[in-house]
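Asks:
Number of protein chains: 2
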Amino acid sequence: MTGNPEIASVERIEADYRIETAVDPEAAVDVMAGEQSSGTFLSVPGETAELKERSAARVEKLELIECDGQPSLPGSARGDGVVRRALVTLSWPLDNIGPSLPNLMATVAGNLFELKQFSGLRITDLRLPWAFADRYSGPKFGIEGTRRLSGVHDRPLIGTIIKPSIGLDVAATADLTRTLCDAGIDFIKDDELQSDGRVCPFDARAEAVLRHVNETAERTARKPMFALNVTGELDEMRRRHDRTLALGGTCIMVSLNAIGLVGLIELAKHSQLPIHAHRNGWGYLSRHPMLGWSYVAWQKIWRLAGADHMHVNGLDNKFCEENESVIRSAKTCLTPIFHEKPCVAMPVFSSGQSAKQAPATFAALNSPDLIYAAGGGIMGHPDGPAAGVASLRQAWQAAMEGTSLTDFAPGRPELAKALGTYSA
Amino acid sequence: MTGNPEIASVERIEADYRIETAVDPEAAVDVMAGEQSSGTFLSVPGETAELKERSAARVEKLELIECDGQPSLPGSARGDGVVRRALVTLSWPLDNIGPSLPNLMATVAGNLFELKQFSGLRITDLRLPWAFADRYSGPKFGIEGTRRLSGVHDRPLIGTIIKPSIGLDVAATADLTRTLCDAGIDFIKDDELQSDGRVCPFDARAEAVLRHVNETAERTARKPMFALNVTGELDEMRRRHDRTLALGGTCIMVSLNAIGLVGLIELAKHSQLPIHAHRNGWGYLSRHPMLGWSYVAWQKIWRLAGADHMHVNGLDNKFCEENESVIRSAKTCLTPIFHEKPCVAMPVFSSGQSAKQAPATFAALNSPDLIYAAGGGIMGHPDGPAAGVASLRQAWQAAMEGTSLTDFAPGRPELAKALGTYSA
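Note that the protein sequences, when read in sequence, are chains Z and L.
Okay, so the first sequence: first residue is 1 according to this note's numbering, each after it adds one.
Okay, so the second sequence: first residue is 1001 according to this note's numbering, each after it adds one.
#1: My output table needs one value for T1048/L: the three-state DSSP class, helix, strand or coil.
#2: Is DSSP giving A1204/L helix, strand or coil here?
#3: Whole beta strand (DSSP E) runs in the stretch 1240-1311 of chain L with 3 or more residues, listed along the chain?
#4: Which residue comes first and which comes last in the alpha helix (DSSP H) that contains T89/Z?
#5: What does F113/Z touch in chain L if you count any residue whose Cβ is under 8 Å from its own?
#6: Leaving out five residues on either side along the sequence, give the residues of the same chain with a beta carbon under 8 Å from the beta carbon of G1263/L.
#7: Any C-beta of chain L sitting closer than 8 Å to the C-beta of R198/Z?
#8: Taking Cβ-Cβ distances below 8 Å as the criterion, which residues of the stretch 290-305 of chain Z are in contact with chain L?
#9: Listed in chain order, which residues of the stretch 1333-1360 of chain L have Cβ atoms closer than 7 Å to some Cβ of chain Z?
#10: In the DSSP output, which residue or residues are listed as bridge partners for P1347/L?
#11: Which residues does DSSP pair with F1226/L in a beta bridge?
#12: Who are the Cβ neighbours of L62/Z in its own chain at under 7 Å, not counting the five residues just before and after it?
#13: Just to make sure I have the definition right: I need the residues of chain L whose C-beta is within less than 7 Å of the C-beta of I166/Z. Which are they?
#14: Please identify the residue among E1340/L, A1208/L, H1381/L, K1163/L whose C-alpha is closest to the C-alpha of Y1422/L.
#15: Roughly how many angstroms lie between the CA atoms of C1251/L and Y295/Z, to the nearest whole one?
#16: In chain order, what residues of the same chain have a beta carbon less than 7 Å from the beta carbon of A1217/L, not counting five sequence neighbours either side?
#17: Mind listing which residues of the stretch 252-279 of chain Z have their C-beta closer than 7 Å to chain L's C-betas, in chain order?
#18: State the DSSP-derived secondary structure class of T1231/L, mapped to helix, strand or coil.
#19: Give the single residue among E1066/L, A1109/L, A1049/L, G1034/L whose Cα lies nearest to the Cα of L1428/L.
#20: State yes or no: is the beta carbon of A131/Z nearer than 8 Å to at least one beta carbon in chain L?
#21: Under a Cβ-count criterion, where at least 16 other Cβ atoms within 10 Å of its own Cβ denotes burial, should G159/Z be classed as buried or exposed?
#22: What residues are listed by DSSP as bridge partners for F1118/L?
#23: So, at 7 Å on beta carbons, what are the nonlocal neighbours of G314/Z in its own chain, with the 5 sequence-adjacent residues on each side left out?
#24: Which residues, taken in chain order from the stretch 1176-1190 of chain L, show a beta carbon closer than 9 Å to some beta carbon of chain Z?
#25: Closer than 7 Å, Cβ to Cβ, to anything on chain Z: give me those residues from the stretch 1103-1128 of chain L, in chain order.
#26: Could you check what DSSP says for T1002/L in three-state terms: helix, strand or coil?
#27: Starting from the beta carbon of E47/Z, find every residue of chain L whose beta carbon is closer than 7 Å, and list them in chain order.
#28: Would you list the one or two residues that DSSP bridges to I1438/L?
#29: Which first and last residues belong to the alpha helix (DSSP H) in which L104/Z is found?
#30: Using only CA atoms, which one of A1373/L, T1021/L, A1015/L, E1047/L lies nearest to M1225/L?
#31: Just curious, the alpha helix (DSSP H) that G420/Z is in, first and last residue?
#32: For the stretch 145-176 of chain Z, which segments carrying the alpha helix (DSSP H) assignment without a break, of at least 4 residues, lie completely within its bounds, in sequence order?
#33: By the criterion of Cβ-Cβ separation under 7 Å, what are the contact partners of G1232/L in chain Z?
#34: Verify the CB distance criterion: does L51/Z have a CB-CB separation below 8 Å to chain L?
#35: Among H339/Z, A399/Z, K341/Z, whose alpha-carbon lies nearest the alpha-carbon of A363/Z?
#36: For C320/Z, decide whether its Cβ has a neighbour in chain L, counting only Cβ atoms nearer than 8 Å.
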């Protein structure tokens, strides 16, 4: 990736936006830059030329793009009635905030989404000065560390989510874990709804599932990675991390939107394990194409803060996201943030995944560096979880060898049955 | 408010949604309840009737409402092509997560926004079992504590934001603070863009501005409240809080969406000062009416976590929000969450505010329990900040006495000039 100008560190903080406005785009974007730096709605005495030179945001780019002419969001100024869209880049002096991720949020993604001038505004990318790389650890494990701990090389980690998401007691969760370990699973995660409820409390669950994980490691010399959901308050997360580590676990999981940026930063400072970052809630941040966050911009912040694995949904998923968007998200996790400090995170595919999506996933991503997690795709396999795991291994082997699944299925009953079962 | 069933604590966690779907609404809502509890997209062995009884989310209400027939968001299932909207209530057993605000987020506002079944989904309210009140402090100061510390009773606190938002150095910020203190201001806040940049570092700023605040308190026996923006990492926020407290300051400010829920919970545990909660970024959470969060639902979480002051925008603001929505937001901050533990927060009006909006604000809110913050409305007053403050005091006096501003203006040149200056 060396030489890619997109990942070179920059002198100023830069953010890209897709905007939509019915007023003069140049004027609208000036308001945006003003709102997010030294401007006020009415000029005030202190707003000198020197101050602006020192602290004002700059409009680096304003490029009109196609637009169907309809305002995307309500409440915007009508202007001349002509709705235009544009790609915009703003930049800020690093000195405005220093290399602080929380303050970066307020600067690049603060009040601007509510500005009357815009009937649409979405942050699409971010580029940061090197000082951010100096300050934040980024993923401590990433792909290399995840492969080392799980002992899986040169292919995706085949993973699953404990299902039902919530309601299994400790014994049932442990039994299922044993079944999955026996089936040769590489990766297991708690559902994001499962943290420390009464039916399946964290400590008892961790002890019970990691017993099977450790037994498997002794037997096979390869330890399945179990991402225990530690989401909670900071002291709880740290304590659960410590417990996981002490019990021989190799991964913790958190819900990013539930804990927030300071939660992840603090947990990452403390953590000696890979952090599996769940993005639940992502829909409210992103689902309208002219509002909120693109994954490209959003995931950079969490990777810098310390996320090792980032959820990206999956092809032909049960949600509303298009395949093209899923692949773009996965690719962005694998794209360095800085030349000298790539902060690459392992993308996690999930949601309605089965053997069927492996070939298209590999073809599009052109990398085996991912976690491929299936819930029903493993546990709903007609011959049980072990057959589900086998079907996924077979599907990925086929995909990476460039053989179609139907050609690969004969003599492999698990894959054959998966192909007949899953409609995805 | 006693006797209002809306604020009675409930046995189960309850969340209300506005949904839009082109498939059978009952089926769609069943998917929603399943996704957020014990359901899987393919039935798995462990999903027993007993488990569902214990842990499944329940659909408590499904009420069709009017709809223009157009899907609001892309990517949804087409179903029978008829787009319907409904009000929905789901409930969950408390035991699924226990009284944990971070895990509440993943449960009531997790994956569901991305479900293919919905072309619109917005969380509109939340009701929580008492266990949440037991666990979380709520605002430690709220209205009563803010009035005690600021010495302002029976009327709004007249406030302002240091402007330009960013770029003033410490000396200029301190000079402006002295001017505002001399003018009799009740409340001053840093802009959310101003935290610990090189031009105006936190420690030096805190010391400089609080010197004037303290001098004012000695002189007038009333200490203006200065909300210093401590937004940053947890150790920074705690240290800045301690510094503020040691210097005699009476308020700290944070950007909620920048620090996240764990950030606020931890800061609130530590804090001995009112927490002024800035909602910048709110636009990306809320601006599409069929996506994301209503303020009614969202602010409950932050109040429980410890926010004392909550931003609500202002009437005739420079943003896209309608006045009706602003007032609904302010009223909800003043509505108890629990009978026995109201957790009431002080609403903060801001954005393009001047003397002009005082009467309508008071008429709609029917309460003087608010902070009324004007930036340009004070510092852009033609006769300077002191006249700006005076004009706001006069406007609120008129509003609360039921006199029109034009009737009140003669003999009050500050108000008269404000009426001629601000177009809001």
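Cβ atoms here follow ideal geometry from the backbone N, Cα and C, with glycine treated the same way.
Replies: Let me lay it out:
#1: coil
#2: helix
#3: 1251-1255, 1275-1278, 1291-1293, 1309-1311
#4: Looking at the DSSP string, T89/Z is not in any alpha helix (DSSP H); the run it does join, the beta strand (DSSP E), is 84-92.
#5: G1281, W1282, G1283, Y1284, R1287
#6: L1234, M1237, V1254
#7: Output row for R198/Z: interface = yes.
#8: L291, G292, W293
#9: G1352
#10: M1310/L
#11: I1188/L
#12: P25, E26, V29, A86, V88
#13: S1037, S1038, S1055, N1096
#14: H1381/L
#15: 35 Å
#16: Closer than 7 Å at Cβ, skipping near neighbours: K1223.
#17: Residues S255, N257, A258, I259, G260, L261, V262, G263, I265, E266.
#18: coil
#19: Because chain L is modelled from 1001 through 1424, residue 1428/L falls outside the range shown and cannot be assessed.
#20: no
#21: Counting the other CB atoms within 10 Å of its CB gives G159/Z a total of 16 or more, which places it among the buried residues.
#22: T1021/L
#23: V326, F349, S350, S351, G352, Q353, Q357
#24: Hits within the stretch, in order: L1176.
#25: Flagged, chain order: N1103, M1105, A1106, T1107, A1109, G1110, N1111, F1113, E1114, L1115, K1116.
#26: Low per-residue confidence applies at T1002/L: pLDDT is 38, beneath 50, and the placement is therefore not dependable, though the value from the model is reported in the following sentence. Here T1002/L sits in coil by DSSP.
#27: P1164
#28: Shown here, chain L extends from 1001 to 1424; a query on residue 1438/L therefore has no answer.
#29: 101-108
#30: Here the closest residue by C-alpha is A1373/L.
#31: Per DSSP, G420/Z belongs to the alpha helix (DSSP H) from 413-421.
#32: none
#33: Here the neighbours are S100, P102, N103.
#34: So, interface residue.
#35: Minimum Cα distance to A363/Z is reached at A399/Z.
#36: yes
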